[in-house]
Amino acid sequence: MSVETKKGDEAIAAAAQLAATKRQARMGTLLGLTLVGLLALMWILLAFSTTSFWTYNNISNLLRQGSMTAILAMGETFVIITAGIDLSVGAVVGFTSVIVAWLLTHGFPIWAAILITLAFGFGIGAFHAFGITKMGLPPFIMTLATLTALRGVGLLITNGATISITNTTFTGFSRGDFLGVPNLFWMVVVVAVPAYIFLHQSRFGRYLFAIGSNPEAARLSGVNTTRMIYIAYILSAVCASFVGILLASRIGIGNATQAEGWELQAIASSVIGGTSLFGAVGSVHGPLLGSFILTTINNGANLLNVNAFWQRIITGVLIIVIVYFDGLRARKR
Amino acid sequence: MNQTQQQGGSNQAGAKTSLLVLKKLDKRFGATHALKAVDLDFEAGEVHAIVGENGAGKSTLIKMLTGVHVRSSGEVYWEGKPVALATPHEAINHGINAVHQEVVLCPHLTVAANLFLGDEKVRLGMLQHREMVREAQKILDDIGFKLPASALLSSLTIGQQQLVATARASTRGTRFLIFDEPTGYLTRQEAAQLFALIGRLKAQGVTIVYISHRLEEVFQLADRVSILRDGALVSTQRVAETNEEKLIAGMIARTIEQIHYKETIPFGEEILRTEKLTGKGFEDVSVRVRAGEVIGLYGLIGAGRSEFVLSLFGRSPKTGGQIFWKGKPVDIRKEKDAISMGIALVPESRRDQGLCLNLGVGLNLNLPIYKRLVKGLVINPFAERASADKQIREVQIKTASREAPASSLSGGNQQKIVVGKWLNHGADLYIFDEPTVGVDVGTKVEIYKLFARLLKKGAGIILISSYLPEVYDLSDTLHVFRRGRLVASYDSANVNEKALHETILTQALGV
Chain B
510 MSVETKKGDE
520 AIAAAAQLAA
530 TKRQARMGTL
540 LGLTLVGLLA
550 LMWILLAFST
560 TSFWTYNNIS
570 NLLRQGSMTA
580 ILAMGETFVI
590 ITAGIDLSVG
600 AVVGFTSVIV
610 AWLLTHGFPI
620 WAAILITLAF
630 GFGIGAFHAF
640 GITKMGLPPF
650 IMTLATLTAL
660 RGVGLLITNG
670 ATISITNTTF
680 TGFSRGDFLG
690 VPNLFWMVVV
700 VAVPAYIFLH
710 QSRFGRYLFA
720 IGSNPEAARL
730 SGVNTTRMIY
740 IAYILSAVCA
750 SFVGILLASR
760 IGIGNATQAE
770 GWELQAIASS
780 VIGGTSLFGA
790 VGSVHGPLLG
800 SFILTTINNG
810 ANLLNVNAFW
820 QRIITGVLII
830 VIVYFDGLRA
840 RKR
Chain S
4 MNQTQQQGGS
14 NQAGAKTSLL
24 VLKKLDKRFG
34 ATHALKAVDL
44 DFEAGEVHAI
54 VGENGAGKST
64 LIKMLTGVHV
74 RSSGEVYWEG
84 KPVALATPHE
94 AINHGINAVH
104 QEVVLCPHLT
114 VAANLFLGDE
124 KVRLGMLQHR
134 EMVREAQKIL
144 DDIGFKLPAS
154 ALLSSLTIGQ
164 QQLVATARAS
174 TRGTRFLIFD
184 EPTGYLTRQE
194 AAQLFALIGR
204 LKAQGVTIVY
214 ISHRLEEVFQ
224 LADRVSILRD
234 GALVSTQRVA
244 ETNEEKLIAG
254 MIARTIEQIH
264 YKETIPFGEE
274 ILRTEKLTGK
284 GFEDVSVRVR
294 AGEVIGLYGL
304 IGAGRSEFVL
314 SLFGRSPKTG
324 GQIFWKGKPV
334 DIRKEKDAIS
344 MGIALVPESR
354 RDQGLCLNLG
364 VGLNLNLPIY
374 KRLVKGLVIN
384 PFAERASADK
394 QIREVQIKTA
404 SREAPASSLS
414 GGNQQKIVVG
424 KWLNHGADLY
434 IFDEPTVGVD
444 VGTKVEIYKL
454 FARLLKKGAG
464 IILISSYLPE
474 VYDLSDTLHV
484 FRRGRLVASY
494 DSANVNEKAL
504 HETILTQALG
514 V
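So the sequence lines, in the order shown, correspond to chains B and S.
Going from the first sequence to my numbering is simple: count from 1 and add 509.
Going from the second sequence to my numbering is simple: count from 1 and add 3.
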């Protein structure tokens with residue numbers, strides 16, 4: 510009889526746990542929906558309170574601006590999921606804008622300039638991973654070092670000057686659109702689709718999460734943790750160099766001081782999108798939403814003639830509020 | 004009714020000097036009923052053991068006594084007065100303290116600084132380091148712990164750190180001290196020091212609550228023992244009036260013919276042999292494992308057994324000697340080499356080495372085999388789910404779903420995940436490093452039965468355990484480690500049992 514009671518209790522406990530898991534799943538979707546809802550709400554409010562928000566020009570502009578943060582944030586997310594951090598992405602954007610501008614002004618064809626610039630990104634990411642895995646430096650320190658060093662290298666190359674890009678095909682790309690949608694936004698799609706497959710549907714994605722959760726357990730389960738760290742930092746830096754190319758195309762110059770502070774935008778977007786700085790929690794769609802929420806705030810504040818200083822404060826407050834609610838959700842587990 | 008223990012000033016029946024009384028204590032987490040109307044009383048100056056399987060509610064009970072969780076219903080009386088015990092602070096103010104299984108102290112501070120943490124000696128705003136070290140040393144000497152007060156905590160073994168935590172908890176006006184599996188990481192001498200301290204505290208009138216899976220300790224130390232099962236109190240008995248079989252029967256509501264389940268399987272071909280293998284933490288180790296054979300590695304924590312198997316697994320490559328796999332010399336440089344050859348490791352620490360705790364049960368189970376679940380570039384989601392579900396069924400993991408985080412499971416079920424992921428992968432040699440630490444009796448038997456299943460399939464097993472009866476009963480060949488070296492080897496079938504136990508112990512201790 511006691512055995513039966515025990516079974517009954519187990520069934521109840523199991524049902525309770527199942528309900529809890531379902532609740533978690535629902536709350537996960539809820540956060541996703543909250544972000545979509547928040548974005549939609551901001552767009553609706555802005556559409557009603559300003560005449561200029563819901564115009565083709567402004568929306569295009571918003572998508573162009575948000576695209577760059579979005580791509581940076583996706584790359585950054587791979588690193589954060591491993592419980593690391595990449596502070597260098599803003600500097601990489603500035604540095605690679607110089608590289609691509611230099612290559613174009615020295616007669617390289619566009620395709621070659623792009624490939625070589627991306628290769629630079631690859632090399633920077635590999636260098637980060639080398640410092641972290643082989644020299645044992647903390648990711649924060651390693652990427653903080655390249656954050657300052659890369660800007661220096663970029664300034665040395667141009668001797669502090671700005672390289673103007675005269676290739677109009679190159680600069681025209683960022684102004685153009687396809688099917689009525691800005692080319693830059695299409696670039697988000699080009700990055701996001703493979704990123705989604707990589708993170709959520711390939712075994713490497715699973716490995717990134719495992720490393721973020723417990724690197725030793727991952728290693729003892731046969732995961733090549735060193736290789737995965739290399740992949741994460743290389744992806745982040747390649748995404749950043751890709752943004753460097755897009756930025757050069759958009760503003761028509763190469764300058765190592767560009768994209769100052771973008772690493773913080775990328776990290777904030779990622780965190781708003783539900784990525785945990787402790788690792789092992791994150792997605793591709795979260796940072797995408799996060800970056801467009803941040804961009805909308807800036808865009809809307811401009812249209813509403815809000816003081817630029819206030820924009821920074823609003824962004825800061827919003828990060829605290831969103832991450833606080835996300836933390837509440839996580840603590841309920 | 005008529006209790007034998009003498010307590011000052013109590014004569015009425017049922018009105019002994021109970022320090023803490025729990026009445027119909029109840030705790031629910033959502034729909035989960037973790038504790039069911041538990042009635043317990045703790046007398047001043049008694050050692051009260053609490054036993055039960057993992058998930059029986061022992062941890063929940065401790066957390067409620069120490070103010071971490073607040074009860075759902077029921078009453079708690081401290082010296083006859085109702086109390087809330089709503090915060091850890093309140094519990095400590097009453098004099099309720101606990102020594103947890105995991106050490107929660109500051110590793111970068113000295114032993115003395117840890118002892119005085121939060122209560123430092125200050126003169127004119129300056130910390131009195133020397134005075135604190137002197138006083139800490141006196142405290143340690145007084146309670147009979149052989150520990151240096153000026154050493155950094157991180158320079159001590161886990162067992163010694165545990166003693167520091169014990170010293171800290173027992174010297175702050177504590178009147179009610181809870182020990183949760185205190186001997187798991189202790190050597191024999193350290194355990195003896197701890198037991199002596201418990202005896203002294205008891206004589207001072209401190210109430211001790213002692214939670215352990217090791218029933219022989221319960222019989223050695225406790226006055227009374229309470230059994231919990233599925234959140235309910237089964238019974239409270241005087242230790243003198245019960246025995247091990249009765250306790251186990253109460254804990255699991257079924258009889259276990261033989262806990263150390265063992266089948267004899269004829270040995271097959273040699274799977275692994277090491278010759279004078281040397282690496283970080285061990286030297287000149289030569290062992291051989293055949294198909295169907297269990298070799299046991301016995302010794303103290305830190306004797307080099309874990310280092311030896313981690314080296315076999317490619318975690319830290321050997322510096323000398325040779326490994327032969329199925330007769331051929333091999334070089335194991337990485338975990339991947341070991342895994343692809345057919346070695347599986349269930350490591351010593353589930354939390355630190357075995358599991359990705361905040362990730363799903365399914366991901367943990369599939370981690371070694373994702374390569375096989377891939378179709379082209381992407382994972383086949385059906386195969387991924389099927390493989391996880393199959394393993395959950397096969398090793399009977401109690402979990403809400405395959406997506407539930409591993410941290411939501413009980414210790415025994417977590418261990419089953421670590422075992423399950425290697426069954427999923429398959430191997431010829433399974434290494435189990437302390438597989439039953441912190442695991443309840445029921446799960447233990449399941450793990451032992453699993454050994455038999457693996458052996459029948461032609462696998463070999465290396466079993467590391469610091470619990471002599473376990474290695475002794477389960478191994479075909481027993482090796483004793485001391486300070487990184489193999490000091491003795493036995494064919495366990497041939498030797499007189501009782502005499503050997505003593506010999507093995509002395510060899511492991513090196514006395």
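Glycine is no exception: its CB is placed at the ideal position from the N, C-alpha and C atoms.
What residue 338(S) touches in chain B, judged by beta-carbon distance under 7 Å, is 728, 729 and 731, going in chain order. When Cβ-Cβ separations below 8 Å define contact, residue 431(S) makes no contact with chain B. Residue 177(S) holds the alpha-carbon nearest to the alpha-carbon of residue 212(S) among 196(S), 233(S), 177(S) and 232(S). For residue 41(S), the closest of 384(S), 437(S), 237(S) and 424(S) by C-alpha to C-alpha distance is 237(S).
Within the DSSP secondary-structure output, residue 325(S) pairs in a beta bridge with 278(S).
Per DSSP, reduced to three states, the secondary structure at residue 796(B) is helical. If you look at residue 493(S), you'll find it in the beta strand (DSSP E) that goes 488-494.
Against chain B, the beta carbon of residue 162(S) has no neighbour under 8 Å; the closest one sits roughly 21 Å away. A direct Cα-to-Cα measurement between residue 600(B) and residue 754(B) gives close to 13 Å. Between residue 594(B) and residue 672(B), the CB-CB gap reaches or exceeds 8 Å.
In the displayed model, residue 127(S) falls within coil according to three-state DSSP, outside both helix and strand. Interface annotation, residue 373(S): in contact with chain B, CB-CB separation under 8 Å. Per DSSP, the beta-bridge partners of residue 687(B) are 690(B). A distance of 8 Å or more separates the beta carbons of residue 242(S) and residue 232(S). For residue 572(B), the enclosing alpha helix (DSSP H) has its first and last residue at 565-590. For residue 188(S), no alpha helix (DSSP H) segment is defined, and its DSSP state is neither H nor E. Secondary structure note for residue 65(S): its alpha helix (DSSP H) is the uninterrupted segment 61-68. If you look at residue 297(S), you'll find it in the beta strand (DSSP E) that goes 297-301.
The Cβ atoms of residue 746(B) and residue 637(B) lie closer than 8 Å to each other.
Excluding the 5 residues flanking it on each side, residue 714(B) has same chain C-beta neighbours closer than 7 Å at 707 and 708, in chain order.
Residue 159(S) carries a coil assignment under DSSP once its states are collapsed to helix, strand and coil. Classified as buried, residue 475(S) has 16 or more neighbouring CB atoms from the shown chains inside 10 Å of its CB. For residue 342(S), the nearest CB of chain B lies under 8 Å from its own CB, placing it at the interface with that chain. Near chain B, meaning a CB-to-CB distance below 8 Å, no residue of the segment 46-79 of chain S qualifies.
Only 706, 710, 711, 712, 715, 718, 719, 722 and 723 from the segment 692-724 of chain B bring a Cβ to less than 7 Å from some Cβ of chain S. The residues 40 and 77, in chain order, have a CB closer than 6 Å to that of residue 27(S) in the same chain once the five nearest residues on each side in sequence are set aside. For the pair residue 677(B) and residue 690(B), the Cα-to-Cα distance works out to about 20 Å. Residue pairing by DSSP places residue 81(S) opposite 23(S) and 84(S) in a beta bridge. With a threshold of 8 Å between beta carbons, residue 308(S) makes no contact with chain B.
For residue 320(S), the closest alpha carbon among the candidates 165(S), 490(S), 336(S) and 331(S) is that of 336(S). Residue 763(B) sits in a strand when the DSSP states are folded into three classes. Sorting 148(S), 367(S), 153(S) and 194(S) by C-alpha distance to the C-alpha of residue 113(S) places 153(S) at the top. Contact between residue 467(S) and residue 458(S) does not hold, since the beta-carbon distance rounds to 17 Å and is not under 8 Å.
Closest in C-alpha terms to residue 292(S), from the list 379(S), 432(S) and 425(S), comes 432(S). The beta-carbon separation of residue 791(B) and residue 586(B), rounded to 5 Å, stays under the 8 Å limit for a contact. Shown here, residue 438(S) sits in coil according to DSSP, grouped into three states, outside any helix or strand.
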